[in-house]
Amino acid sequence: MSRVLVGVKRVIDYAVKIRVKPDHSGVVTDGVKHSMNPFCEIAVEEAVKLKEKKLIKEVVAVSCGPTQVTETIRTALAMGCDRGIHVEVSGKDYEAMGPLQISKIFAALAKKEEASLIILGKQAIDDDCNQTGQMTAALLDWPQGTFASEVTIDGEKVKVVREIDGGLETIKISMPAVLTADLRLNTPRYATLPNIMKAKKKKIANMKPADLGVDMVSRVEVLRVDEPPTRLAGVKVETVDDLVAKLRANGTI
Amino acid sequence: MNQVVKAATVSGSDMANPLRSEVRQLYKNLLFLGREYPKGADYFSERLKSAFMKNKDVTDPKEIRKLVDRGEFVIKELEALYYLRKYRAMKKRYYEEELSTMLNIG
Numbered sequence: 001m002s003r004v005l006v007g008v009k010r011v012i013d014y015a016v017k018i019r020v021k022p023d024h025s026g027v028v029t030d031g032v033k034h035s036m037n038p039f040c041e042i043a044v045e046e047a048v049k050l051k052e053k054k055l056i057k058e059v060v061a062v063s064c065g066p067t068q069v070t071e072t073i074r075t076a077l078a079m080g081c082d083r084g085i086h087v088e089v090s091g092k093d094y095e096a097m098g099p100l101q102i103s104k105i106f107a108a109l110a111k112k113e114e115a116s117l118i119i120l121g122k123q124a125i126d127d128d129c130n131q132t133g134q135m136t137a138a139l140l141d142w143p144q145g146t147f148a149s150e151v152t153i154d155g156e157k158v159k160v161v162r163e164i165d166g167g168l169e170t171i172k173i174s175m176p177a178v179l180t181a182d183l184r185l186n187t188p189r190y191a192t193l194p195n196i197m198k199a200k201k202k203k204i205a206n207m208k209p210a211d212l213g214v215d216m217v218s219r220v221e222v223l224r225v226d227e228p229p230t231r232l233a234g235v236k237v238e239t240v241d242d243l244v245a246k247l248r249a250n251g252t253i
Numbered sequence: 001m002n003q004v005v006k007a008a009t010v011s012g013s014d015m016a017n018p019l020r021s022e023v024r025q026l027y028k029n030l031l032f033l034g035r036e037y038p039k040g041a042d043y044f045s046e047r048l049k050s051a052f053m054k055n056k057d058v059t060d061p062k063e064i065r066k067l068v069d070r071g072e073f074v075i076k077e078l079e080a081l082y083y084l085r086k087y088r089a090m091k092k093r094y095y096e097e098e099l100s101t102m103l104n105i106g
């Protein structure tokens, strides 16, 4: 039976009002409420469900970042993961960290842990990259089932119903494979206090990217971060002719 | 919190003691859940405390059991509330609203 790796990312909580730093180098994160990326919650839930159905043997929760990400791993453990891996990345490396570095880490871990499945959230709500799953599959040369809204394991194959523009697509891929979770895949359970207490007995291993042979050098540099432009008030017109005239004056038509 | 827990104990009665730890755990669980309450953790913890204090003189174990069950129900309600809020926020941000949904039909 198989082992599943689940990626969980610590992001600014979805309900927080984001503020841009005065120097426009990024967003304010100090003292701001963080939590597990909602799509990662769905990924964890799916992995735990597969384990409860006895289709897989072990679920390992993985997160990359500074010490604080262990809170996110603990939440995953409280939801039912068996153990955690904390890949320590901090400082400049953490700020520059993106899908490329994460996917290299996951590819290395998948080989080390002999995983049959990697389940990730389809994207993170902070960077909205939607790249990590795809890159990880490419690095491992594994098939991918992205935007999964339904996952069924059938022997050595996985049937994935994908949410795509204009409808649903059903594919069958062989394991090992990478899946990314979409919103309607499942309803994540809440990590209650008793579950968090029980999960304290579970182990979280600690390692560095170098231990996995991964270099964290980023090829992307953030130049500037700005708030979206404030929406201007609309203009009301009396007649259709006025509308046409305004559109002409505006250069729209 | 000790006030609250003491109040749930019937002096000299053995029956209430296992309930005492249940009441304590319920309070802790609700307090933990309240951290994410939309109107703020402080708002929640104030109301949680007054709700428990309101029943501090209840001695009948059957009554206490009923109140604890009600507390468990509130936990389920809060979990559902949090899930729906998050789901709707994600749906709004990442998925195009279909016309029928916008018009609240179908």
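From first to last, the protein sequence lines are chains A and B.
Under UniProt numbering, the first sequence has 236 at position 236, and the numbering climbs by one with no breaks.
Under UniProt numbering, the second sequence has 2 at position 2, and the numbering climbs by one with no breaks.
Quick reminder that beta carbons are idealized off the backbone N, C-alpha and C, glycines included.
Looking only at its own chain, which residues have a Cβ that is under 6 Å from the Cβ of residue 121 (chain A), when we skip the five neighbours before and after it? For this step, residue 121 (chain A) is matched to residue 121 along the first sequence. For residue 121 (chain A), where only same-chain residues beyond five positions count, the Cβ hits under 6 Å are 37, 39, 40, 43 and 181.
Who does residue 36 (chain A) pair with in a DSSP beta bridge? Residue 36 (chain A) sits at position 36 when you count from the first residue of the first sequence. Residue 36 (chain A) pairs with A:10.
Decide if residue 93 (chain A) is buried, meaning its Cβ has at least 16 other Cβ atoms within 10 Å, or exposed. In the first sequence, the residue the question calls residue 93 (chain A) occupies position 93. By the 10 Å Cβ count, residue 93 (chain A) comes out buried.
Touching or not, the stretch 96-116 of chain A and the stretch 206-220 of chain A, by the rule of three or more beta carbon pairs under 8 Å? yes
Check whether chain A comes within 8 Å of residue 82 (chain B), counting only Cβ atoms and requiring the distance to be less than that. Counting from 1 along the second sequence, the entry for residue 82 (chain B) is found at position 82. Yes, because at least one Cβ of chain A sits closer than 8 Å to the Cβ of residue 82 (chain B).
Residues near residue 14 (chain B) by beta carbon distance below 8 Å, same chain, minus five either side: On the second sequence, position 14 is the one that residue 14 (chain B) refers to. Reliability fails at residue 14 (chain B), whose pLDDT of 46 lies under 50, so the model's placement of it is uncertain and no value is given.
Any chain B beta carbon closer than 8 Å to residue 194 (chain A): The count along the first sequence starts at 1 and reaches residue 194 (chain A) at position 194. Closer than 8 Å: yes.
Thinking just about the alpha-carbon of each residue, which of A:163, A:27 and A:82 is nearest to the one in residue 127 (chain A)? The residue labelled residue 127 (chain A) in the question sits at position 127 within the first sequence. Residue 127 (chain A) has its Cα closest to that of A:27, out of A:163, A:27 and A:82.
Check each residue of the stretch 179-192 of chain A: if its Cβ is closer than 7 Å to any Cβ of chain B, include it; give the result in chain order. 183, 187, 190 and 192
Taking its Cβ as the centre, do 16 or more other Cβ atoms sit within 10 Å of residue 86 (chain A), making it buried, or is it exposed? Here residue 86 (chain A) refers to the residue found at position 86 when the first sequence is read from its first residue. Under this definition residue 86 (chain A) is a buried residue.
If we cut at 8 Å on Cβ distances, does residue 38 (chain A) have a partner in chain B? If you number the first sequence from 1, residue 38 (chain A) lands on position 38. Yes, its Cβ sits closer than 8 Å to a Cβ of chain B.
Buried or exposed: which applies to residue 9 (chain A), given that a residue is buried once 16 or more other Cβ atoms fall within 10 Å of its Cβ? The sequence position of residue 9 (chain A) within the first sequence is 9, counting from 1. Flag for residue 9 (chain A) reads buried.
CA-to-CA distance, residue 247 (chain A) to residue 80 (chain B), given in whole angstroms: Here the question's residue 80 (chain B) lines up with position 80 in the second sequence. Here the question's residue 247 (chain A) lines up with position 247 in the first sequence. Each residue's alpha carbon lies about 47 Å from the other.
Whose C-alpha, out of A:75, A:143 and A:50, is nearest the C-alpha of residue 185 (chain A)? Residue numbering aside, residue 185 (chain A) sits at position 185 when the first sequence is read from its first letter. Residue 185 (chain A) has its Cα closest to that of A:50, out of A:75, A:143 and A:50.
Check whether chain B comes within 8 Å of residue 94 (chain A), counting only Cβ atoms and requiring the distance to be less than that. In the first sequence, counting from the first residue as 1, residue 94 (chain A) sits at position 94. Output row for residue 94 (chain A): interface = no.
Interface flag, residue 89 (chain B) vs chain A, CB-CB below 8 Å: Here residue 89 (chain B) refers to the residue found at position 89 when the second sequence is read from its first residue. It does: the Cβ of residue 89 (chain B) has a partner Cβ on chain A nearer than 8 Å.
Minimum length 3: unbroken beta strand (DSSP E) runs contained in the stretch 24-96 of chain A: 34-36, 58-65 and 83-88
Partners in chain A for residue 44 (chain B), counting only beta-carbon separations shorter than 9 Å: Stepping through the second sequence from its first residue, residue 44 (chain B) is reached at position 44. The contacting residues do not exist; residue 44 (chain B) stays about 14 Å from chain A at best.
Taking CB distances under 8 Å as the criterion, tell me whether residue 73 (chain B) reaches chain A. If you number the second sequence from 1, residue 73 (chain B) lands on position 73. No, no contact with chain A.
Sequence-distant residues of its chain with Cβ nearer than 8 Å to residue 68 (chain B) (five each side left out): Translated into positions along the second sequence, residue 68 (chain B) becomes position 68. Cβ within range, chain order: 19, 22, 23 and 26.
What is the C-beta distance between residue 115 (chain A) and residue 214 (chain A), in whole angstroms, given that I count them as a contact (C-beta under 8 Å)? Start at 1 with the first residue of the first sequence, and residue 115 (chain A) comes out as number 115. Start at 1 with the first residue of the first sequence, and residue 214 (chain A) comes out as number 214. At roughly 16 Å, the Cβ-Cβ gap does not stay under 8 Å, so residue 115 (chain A) and residue 214 (chain A) are not in contact.
Say the cut is 7 Å; is the CB of residue 82 (chain A) nearer than that to a heavy atom of the ligand FMN? Judged by which ligands are present, the structure shown has none, so any question about the ligand FMN falls away.
Residue 170 (chain A), buried or exposed, once every other Cβ within 10 Å from all chains shown has been counted against 16: Against the first sequence, residue 170 (chain A) aligns to sequence position 170. That one is exposed.
Determine the extent of the alpha helix (DSSP H) in which residue 45 (chain B) is found, giving its start and end residues. Taking the second sequence and counting its residues from 1, one reaches residue 45 (chain B) at position 45. Note, residue 45 (chain B): alpha helix (DSSP H), 41-54.
At a Cβ threshold of 8 Å, is residue 52 (chain B) touching chain A? Counting from one through the second sequence, the residue named residue 52 (chain B) turns up at place 52. It does not: the Cβ of residue 52 (chain B) has no partner Cβ on chain A nearer than 8 Å.
Does any CB atom of chain A fall closer than 8 Å to the CB of residue 39 (chain B)? The residue given as residue 39 (chain B) occupies position 39 in the second sequence. Not one chain A Cβ lies under 8 Å of residue 39 (chain B).
Based on Cα-Cα distance, which residue from B:46, B:52, B:32 and B:87 lies nearest to residue 70 (chain B)? Numbered from 1 along the second sequence, position 70 holds the residue referred to as residue 70 (chain B). Measuring from the Cα of residue 70 (chain B), the nearest candidate turns out to be B:52.
Thinking C-beta only, is residue 83 (chain B) closer than 8 Å to residue 187 (chain A)? Start at 1 with the first residue of the first sequence, and residue 187 (chain A) comes out as number 187. Start at 1 with the first residue of the second sequence, and residue 83 (chain B) comes out as number 83. Their beta carbons are under 8 Å apart, which means residue 187 (chain A) touches residue 83 (chain B) by this criterion.
7 Å Cβ shell around residue 74 (chain A) - same chain, five flanking residues per side excluded: Position 74 of the first sequence holds residue 74 (chain A). Here the set comprises 196 and 199.
At what residues does the alpha helix (DSSP H) containing residue 113 (chain A) begin and finish? As a first step, residue 113 (chain A) is located in the first sequence; it is residue number 113 there, counting from the start. Here the alpha helix (DSSP H) through residue 113 (chain A) covers 99-113.
Could you compute how far the alpha carbon of residue 84 (chain A) sits from the alpha carbon of residue 203 (chain A)? Numbered from 1 along the first sequence, position 84 holds the residue referred to as residue 84 (chain A). Numbered from 1 along the first sequence, position 203 holds the residue referred to as residue 203 (chain A). Roughly 6 Å separates the two Cα atoms.
Given that a residue counts as buried once 16 or more other Cβ atoms are within 10 Å of its Cβ, and exposed if not, what is residue 63 (chain A)? The residue you call residue 63 (chain A) lines up with position 63 of the first sequence. Buried, because 16 or more other Cβ atoms sit within 10 Å of the Cβ of residue 63 (chain A).
Residue of A:174, A:14 and A:155 minimising C-alpha distance to residue 36 (chain B): Here residue 36 (chain B) refers to the residue found at position 36 of the second sequence. Among A:174, A:14 and A:155, the Cα nearest to that of residue 36 (chain B) belongs to A:14.
With DSSP as the reference, label residue 23 (chain B) as helix, strand or coil. Start at 1 with the first residue of the second sequence, and residue 23 (chain B) comes out as number 23. Helix, per DSSP.
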